[in-house]
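Engineer: The opening residue of the sequence shown carries number 1 in full-length UniProt numbering; numbering runs sequentially from there. No residue lacks a Cβ here, since even glycine has one placed at the ideal position from N, Cα and C. My questions all concern the structure below.
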Amino acid sequence: MALVNVNQLQVRFGDKQAVAGATFTLDEGETFSLIGESGCGKSTILRVLAGLQREWRGDISLLGDALVPGARFTGALRRNVQMVFQDPWASLHPNHTILRTLAEPLNIHGETGVAARVAEALQEVGLTEDAGKRYPHQLSGGQRQRVAIARALLLRPRLLLLDEPTSALDMSVQAEILNLLNRLKQQHGMTYLLVSHDADVIAHMSDRAAFMAGGVIERVFDREAMVKGEHRMAEVNAKR
Ligand SMILES: Nc1ncnc2c1ncn2[C@@H]1O[C@H](COP(=O)(O)OP(=O)(O)OP(=O)(O)O)[C@@H](O)[C@H]1O
Ligand SMILES: [Mg+2]
């Protein structure tokens, strides 16, 4: 059975139909990507699946549960679906140390052994204990994104939603973070839903990629099509 099943998803903001009947499935263990021009509805779909955008129509099943529009995520869903955003600045509290930021989700869920698990999480994403004592502004952009990834993984989610996780980073740092994400995915058996504007990132990371335009999915590319570069042409043709 698919881990995620999205059928005829619609999201409207006033007069604007941001998502206009998007349909796709995600199999357990795969990396599935959304591509397409700015404003075509990619982030909105991720926000719906993260429980951040609660007004929508259609049918969604997420990790075996049918989602209900308007409902907050509770219990297992809250742990099992995590999101990493483009800009780690916006997602890290400026006045909290990294240790405090990482301990927070564990404390909220009433977990034990918090200090040890935070230390393990830092190590997993390649940060030192010393980095844990710092504030976000005392880290590089790549280090901040490692913190955001560590925090998303602390609750051992099954599905990770990645909204342009490396587009704010230098090329070399970008490659490090992408390799880190691939390694963590293997280690923990996660499923990824990735948004990226970069055709090379998409080809490097994805098992399948869906090309969106005007709030719907127009075409899905498999590995073979991506190796041929067909996903690049979709973007070019859309701009004509
Ligand atoms: N909270 C909101 N209120 C009003 N309109 C919104 C809101 N969020 C998104 N939109 C609109 O919905 C459409 C889809 O936005 P979305 O952020 O999903 O696009 P995107 O594909 O992620 O674009 P980008 O590649 O630039 O990140 C856009 O026209 C956007 O302006
Ligand atoms: Mg977006």
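Could you pull the start and end residues of the beta strand (DSSP E) that R57 belongs to?
Structural biologist: R57 to L62 is the extent of the beta strand (DSSP E) around R57.
Engineer: Mapping the DSSP letters down to three states, classify L9 as helix, strand or coil.
Structural biologist: In this structure, L9 counts as strand in the three-state DSSP scheme.
Engineer: What would DSSP say about T23, mapped onto helix, strand or coil?
Structural biologist: Strand, per DSSP.
Engineer: Going by C-alpha distance, which of R79, M226, M212 and I217 is nearest D200?
Structural biologist: The shortest Cα separation from D200 among R79, M226, M212 and I217 belongs to M226.
Engineer: First and last residue of the alpha helix (DSSP H) that includes Q123?
Structural biologist: Start and end: V114 to E124.
Engineer: Check whether the Cβ atoms of G58 and M212 lie closer than 8 Å to each other.
Structural biologist: No. Outside cutoff.
Engineer: What is the DSSP secondary structure of E218, reduced to helix, strand or coil?
Structural biologist: Three-state result, E218: strand.
Engineer: For N107, which residues from the same chain have a beta carbon less than 8 Å from its beta carbon, with the 5 sequence-adjacent residues on both sides left out?
Structural biologist: Contacts found: V114.
Engineer: Pairing CB atoms from the region 6-21 with CB atoms from the region 169-184, are three or more of them under 8 Å?
Structural biologist: Flag = no, the region 6-21 and the region 169-184 do not touch.
Engineer: Which stretch, first to last residue, makes up the alpha helix (DSSP H) that contains R47?
Structural biologist: Looking at the DSSP string, the run of the alpha helix (DSSP H) that includes R47 is K42 to L49.
Engineer: Evaluate the contact criterion for the region 171-180 versus the region 140-160: three or more CB pairs, one atom per stretch, below 8 Å.
Structural biologist: At 8 Å Cβ cutoff, the stretches touch.
Engineer: Going straight from the alpha carbon of D130 to that of L122, what length do you get?
Structural biologist: Taking the straight line from one Cα to the other gives about 10 Å.
Engineer: Compare the C-alpha of D27 against each of I45, V19, A20 and N5 and name the closest.
Structural biologist: Among I45, V19, A20 and N5, the Cα nearest to that of D27 belongs to N5.
Engineer: Whose C-alpha, out of G229, A90 and V216, is nearest the C-alpha of A22?
Structural biologist: The shortest C-alpha separation from A22 is found at V216.
Engineer: Return helix, strand or coil for Q174, following the three-state DSSP convention.
Structural biologist: Helix, per DSSP.
Engineer: Under 7 Å, CB to any heavy atom of ligand 2. Which residues pass, going along the chain?
Structural biologist: After applying the 7 Å Cβ criterion, the set is K42, S43, D163, E164 and V195.
Engineer: Taking just the CA atoms, how far does I98 sit from E104?
Structural biologist: Rounded to whole angstroms, E104 to I98 spans 10 Å at the Cα level.
Engineer: If you compare alpha carbons, which of E55, E120 and R47 is closest to L162?
Structural biologist: Looking at the Cα atoms, R47 is the closest of the given residues.
Engineer: Classify T128 as buried or exposed, calling it buried when 16 or more other Cβ atoms lie within 10 Å of its own Cβ.
Structural biologist: So T128 ends up on the exposed side.
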